[in-house]
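Below is one structure; the comments refer to it alone.
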């Protein structure tokens, strides 16, 4: 090693030199990435159409049944996805699911060919971006009140020129299939994502026809508990007030009149069948917590009856 080389190696790296080196390195990586992306997009024939299970089912005019995930964990996500539903709702609003858990749930669900729909805590654009960048097949926005709210939600979900969504995540295309390129996702996502808003406030209910008419929106989704609170007929038992039942039917008709789909949250199979028979298109059947609680209580009841005993404590009466 020469004396000059020794001085170079032994000398401290200047911040300006490090910054220049980092910039050049990032430029090289980006160049390689986009070269590969270009070649891949030319050589693949896969398309996103038909790869979003829930949207495909709805587009065929069929009933799309789902299950609600409140508990975190990719094993829970896989268990729900294996149960035969078309979609799993990952609840980041009321569920115990944070951003990291949501990023684990989405690929776990898609690994079974089932569509993950993420309910964001609020319809802020950065929350929507996180869900879609994770690879969600659909997004559900809670507590929407106005046409302006709905338009802002749709814009946050769509790439330009229809919307304002930014592009950059390397993950979402893989959630639709191994052969879907970044270029295809960028150009086809707007038409192949399911966008839904919850009608669960009095203001939204009063504006339901105008909200249903918003371009780019796919589903009006009923949150019966908050809707009941909003219109003055809260859910206090196993049945809904007649006024709430009428509101639920009105929302479905508004969706269908606008050429959109109608969805609803249900707590059990009996209720889900009721609203599927009414004409709802996207129906939640049960939650993970509800299914666990019901199953555990049912099995305990079998054991205690056979043993001639009555369960006590938190597991029985």
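Residue numbers (my numbering): 1048 to 1364.
Note that the Cβ used here is the ideal one computed from N, Cα and C, for glycine as well.
As the structure is a prediction and not an experimental result, all values here were calculated from the model.
*Taking the alpha-carbon positions, what's the residue 1134 to residue 1119 distance?*
16 angstroms
*Taking buried to mean at least 16 other C-beta atoms within 10 Å of its own C-beta, is residue 1162 buried or exposed?*
buried
*Own chain residues within Cβ distance below 7 angstroms of residue 1139, not counting five before or after*: 1149, 1165, 1166, 1167 and 1168
*Which first and last residues belong to the alpha helix (DSSP H) in which residue 1032 is found?*
Past the edges of the chain, shown from 1048 to 1364, lies residue 1032, and the structure says nothing about it.
*Would you decide whether residue 1212 is buried or exposed? Buried here means 16 or more other CB atoms lie within 10 Å of its CB.*
Taking a 10 Å sphere around the C-beta of residue 1212, we find 16 or more other C-beta atoms and assign the residue as buried.
_Which listed residue (1099, 1254, 1251 and 1237) has its alpha carbon closest to that of residue 1158_ = Looking at the Cα atoms, 1099 is the closest of the given residues.
_Restricting to Cα atoms, I'd like to know which of 1185, 1221 and 1305 is closest to residue 1204._
1185
*In angstroms with no decimal places, state the Cα-to-Cα distance between residue 1200 and residue 1192.*
11 angstroms
_Meets three-Cβ-pair contact criterion under 8 angstroms: the region 1296 to 1315 and the region 1263 to 1281_ = yes
*Taking the continuous alpha helix (DSSP H) assigned at residue 1316, which residues delimit it?*
1316 to 1325
*asked:* Between 1160, 1318 and 1293, which has its C-alpha nearest residue 1221's C-alpha?
replied: 1160
*asked:* Counting C-beta neighbours from all protein chains within 10 Å, is the total for residue 1290 16 or more, i.e. buried, or is it exposed?
replied: Counting the other CB atoms within 10 Å of its CB gives residue 1290 a total below 16, which places it among the exposed residues.
*DSSP-derived helix/strand/coil call for residue 1365*: Residue coverage of the chain in this structure runs from 1048 to 1364, which leaves residue 1365 outside it and unanswerable.
*What is the rounded straight-line gap between the Cα of residue 1262 and the Cα of residue 1103?*
19 angstroms
*Around the C-beta of residue 1347, are 16 or more other C-beta atoms found within 10 angstroms, so that it is buried, or is it exposed?*
exposed
*asked:* Cutting at 7 angstroms between CB atoms, please list the residues of its own chain near residue 1241, excluding the five before and the five after it.
replied: So the qualifying residues of the chain are 1099, 1101, 1102, 1164, 1184, 1185, 1265 and 1266.
*CB of residue 1247 within 8 angstroms of CB of residue 1284, strictly*: no
*Cβ atoms of residue 1214 and residue 1206: under 8 angstroms apart, would you say?*
Result yes, Cβ atoms of residue 1206 and residue 1214 sit closer than 8 angstroms.
*Starting from residue 1188, follow the beta strand (DSSP E) in both directions and report where the run begins and ends.*
1185 to 1188
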